[in-house]
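With my numbering as the guide, the letters of the sequence shown map in order to residues 1 to 206.
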Amino acid sequence: MMNTESETAVVNVTYASREHARQAIQKLNGYQFENNALRVSYIPDENSETDGGQRGPENGRRGYGPRGGPRAGSPSSGMFNKPPHADIPLRLLVPTQYVGAIIGKEGTTIRNITKETQSKIDVHRKENAGAAEKPISIHSTPDGCSSACRMILDIMHQEAKDTKTADEVPLKILAHNNFVGRLIGKEGRNLKKVEQDTDTKITISP
1 MMNTESETAV VNVTYASREH ARQAIQKLNG YQFENNALRV SYIPDENSET DGGQRGPENG
61 RRGYGPRGGP RAGSPSSGMF NKPPHADIPL RLLVPTQYVG AIIGKEGTTI RNITKETQSK
121 IDVHRKENAG AAEKPISIHS TPDGCSSACR MILDIMHQEA KDTKTADEVP LKILAHNNFV
181 GRLIGKEGRN LKKVEQDTDT KITISP
């Protein structure tokens with residue numbers, strides 16, 4: 001899905017049975033609608049009771065919807081056996097003069113990126129009016145975020161070359177303070193390894 005103004009629509013749907021919820025998730029997750037990819041997840045109902053008050057793999061309290069199926073990560077959860085994880089977006093800070101090229105005419109470029117990488121991208125154009133840089137948030141899998149980031153960086157490099165505005169365009173990532181320590185690692189080992197493996201120079205701003 002693509003959003004250029006940080007307005008996200010969330011729709012909660014309740015199903016009569018776990019089977020209906022499972023089928024809906026299988027069919028809708030990743031479904032392309034008007035060049036946007038739908039993202040579907042489920043919320044187990046902790047308060048739902050089972051038919052007849054019994055509990056078991058088929059009619060326990062944990063389910064895809066109000067009733068039925070097991071919680072994600074349980075032994076009998078089937079396709080939902082992956083542990084839950086927080087949605088941690090990749091946030092970039094890009095020069096304002098490149099935002100138009102990243103979005104493209106009538107949003108065609110950004111839509112192509114979201115489609116090819118199965119990601120959701122928010123371009124925060126209205127934040128910090130007049131600022132030299134604008135934040136961009138990418139929501140996807142780690143691979144999807146990396147692919148979208150590479151495509152955006154390629155666009156900025158090409159735009160800088162075409163307009164002769166800069167010889168080099170550094171990639172700026174906005175990292176949450178909670179993760180900076182892990183990124184650096186003990187005695188800076190993690191950061192040094194990334195620099196060595198990728199042949200890059202990384203600076204963490206205070």
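Here a beta-carbon is modelled for each residue, glycine too, at the ideal position from N, C-alpha and C.
For residue i, count the other beta carbons within 10 Å of its own beta carbon; 16 or more makes it buried, fewer makes it exposed. Which is it?
{"i": "S140", "result": "buried"}
{"i": "K120", "result": "buried"}
{"i": "V194", "result": "exposed"}
{"i": "V180", "result": "exposed"}
{"i": "T163", "result": "exposed"}
{"i": "R150", "result": "exposed"}
{"i": "L210", "result": "Residue 210 is absent from the structure shown; the chain starts at 1 and stops at 206."}
{"i": "R18", "result": "buried"}
{"i": "R22", "result": "buried"}
I'd like the list of long-range same chain contacts for residue i, defined as Cβ closer than 8 Å, with 5 residues on each side in sequence excluded.
{"i": "G172", "result": "Residue 172 is actually Lys in this sequence, not Gly. Counting only Cβ-Cβ distances below 8 Å, and skipping sequence neighbours, we find L92, L93, V94, E133."}
{"i": "D87", "result": "H139"}
{"i": "L191", "result": "L183, I184, G185, I202, I204"}
{"i": "Q196", "result": "none"}
Taking the CB atoms as reference points, tell me whether residue i and residue j lie closer together than 7 Å.
{"i": "A101", "j": "E159", "result": "yes"}
{"i": "A148", "j": "I113", "result": "yes"}
{"i": "D122", "j": "S137", "result": "yes"}
{"i": "T165", "j": "G144", "result": "no"}
{"i": "H124", "j": "P142", "result": "no"}
Our contact map puts residue i next to residue j with C-beta atoms below 8 Å; I'd like the distance itself, whole angstroms only.
{"i": "A129", "j": "T96", "result": "That belief does not hold up - the Cβ atoms of A129 and T96 are roughly 10 Å apart, past 8 Å."}
Can you find the residues in the same chain that come closer than 6 Å, C-beta to C-beta, to residue i, ignoring five residues on each side of it along the sequence?
{"i": "G56", "result": "Here the model assigns G56 a pLDDT of 43, short of 50, so the residue's position is not dependable, and the following value carries that caveat. Answer for G56: no residue qualifies."}
{"i": "V157", "result": "Sequence check: residue 157 is His here, not Val. V169, listed in sequence order."}
{"i": "E187", "result": "none"}
Apart from the five residues just before and just after residue i, which ones in its own chain have a Cβ nearer than 7 Å to its Cβ?
{"i": "V99", "result": "V123, R125, K134"}
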